[in-house]
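To keep things clear, I will list the structure first and then write my remarks on it.
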Amino acid sequence: MVTGGRNSGDFLRLLANGREFGLKHLDYTYQEGEGGIADALALAEHFADGQKICVVLGDNIIQGNVREAVEEFKQQPTGAKILLKEVPDAERFGVAEIRDGRIASIEEKPKHPKSNYAVIGIYMYDETVFEKVRVLVPSGRGELEITDVNNAYIREGSMSYGHLDGWWTDAGTFESLLRAANLVAETRTKNSEAVLVKP
Numbered sequence: 210m211v212t213g214g215r216n217s218g219d220f221l222r223l224l225a226n227g228r229e230f231g232l233k234h235l236d237y238t239y240q241e242g243e244g245g246i247a248d249a250l251a252l253a254e255h256f257a258d259g260q261k262i263c264v265v266l267g268d269n270i271i272q273g274n275v276r277e278a279v280e281e282f283k284q285q286p287t288g289a290k291i292l293l294k295e296v297p298d299a300e301r302f303g304v305a306e307i308r309d310g311r312i313a314s315i316e317e318k319p320k321h322p323k324s325n326y327a328v329i330g331i332y333m334y335d336e337t338v339f340e341k342v343r344v345l346v347p348s349g350r351g352e353l354e355i356t357d358v359n360n361a362y363i364r365e366g367s368m369s370y371g372h373l374d375g376w377w378t379d380a381g382t383f384e385s386l387l388r389a390a391n392l393v394a395e396t397r398t399k400n401s402e403a404v405l406v407k408p
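All residue numbers for the sequence shown refer to this note's numbering, where the first residue is 210 and numbers rise by one.
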């Protein structure tokens, strides 16, 4: 768990050591400043201990789960895997350009997206990800961009992808946070109704 900002202690109070969620333990580290997602990822290198990792951004909310995608990635010998979702506002996200069944490139928040496929904030990487992060150059925003990490895997031909089933939203804006709350409420209502009418 990589946290930052003045509310970082809230995660420790909420999650504790992870046992309530079926985990053996949780490791925590703190990101100082706003160095970007790749900078936060670099802080987790000692947690990964040379193994493959799955990175989930904290503002992602999904309807289903990513178990199948993770199992597929475990069978992938090397490289990385990302998940895509078709969205109406692709310019808000990293956008994947797909050619001949492969990802040709990812562009961060493009004014004119080459597709409607957003790269959602769930990434799977092999152990070479930390080498890739170490050679990154900060972007114009002064951050180490996760899109640059993903494009490094694309250049070496080791990036795979899947499509996320069910709905997905981030909670990075007031509008998307409201959308997330509405989606969760709608899903809970439908699930409750399904239980009530079950014979």
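Ideal Cβ placement from N, Cα and C applies to all residues, glycine included.
Residue i: first and last residue of the uninterrupted beta strand (DSSP E) it sits in
i, result
"Tyr332", "326-334"
"Thr238", "238-240"
"Ala289", "289-295"
"Val265", "262-265"
Status (buried if at least 16 other CB within 10 Å, exposed otherwise) for residue i
i, result
"Thr287", "exposed"
"Glu295", "exposed"
"Thr396", "exposed"
"Phe230", "exposed"
"Glu280", "exposed"
"Leu223", "exposed"
"Pro408", "The predicted position of Pro408 is uncertain, since its pLDDT is 47 and thus under 50; a value taken from the coordinates is nonetheless stated next. It is exposed - the Cβ of Pro408 has fewer than 16 other Cβ atoms within 10 Å."
"Pro297", "exposed"
"Ala390", "exposed"
"Thr356", "buried"
"Leu221", "exposed"
"Glu316", "buried"
"Glu354", "buried"
"Ala394", "exposed"
Proximity winner among the options, relative to residue i (alpha-carbon distances)
i, options, result
"Met210", "Leu386, Ala394, Tyr239", "Tyr239"
"Leu235", "His255, Gly244, Ala247", "His255"
"Lys318", "Ala390, Arg311, Tyr326", "Tyr326"
"Thr378", "Glu243, Glu241, Arg301", "Arg301"
"Arg215", "Gly242, Ile312, Arg343", "Gly242"
"Asp248", "Ser348, Val393, Ser367, Ile329", "Ser348"
"Asn274", "Ala361, Glu336, Val346, Ile329", "Ile329"
"Gly218", "Ala299, Arg276, Tyr237", "Tyr237"
"Arg311", "Gln272, Lys320, Ala289, His321", "Ala289"
Reduced DSSP category for residue i - H, G, I as helix; E, B as strand; rest coil
i, result
"Asn360", "helix"
"Glu243", "coil"
"Asp379", "strand"
"Ala394", "helix"
"Ser367", "coil"
"Ala299", "helix"
"Ala305", "strand"
"Val275", "coil"
"Ser314", "strand"
"His372", "strand"
"Lys407", "Because Lys407 sits at a pLDDT of 46, beneath the cut-off of 50, its placement in the model cannot be relied upon, and the following sentence gives the value as read from the coordinates. DSSP places Lys407 in coil when its eight states are reduced to three."
Host alpha helix (DSSP H) of residue i (start-end)
i, result
"Asp219", "218-224"
"Val211", "Taken as a continuous stretch (DSSP letters only), Val211 belongs to no alpha helix (DSSP H), being part of the beta strand (DSSP E) at 211-213."
"Val342", "338-343"
"Glu254", "254-257"
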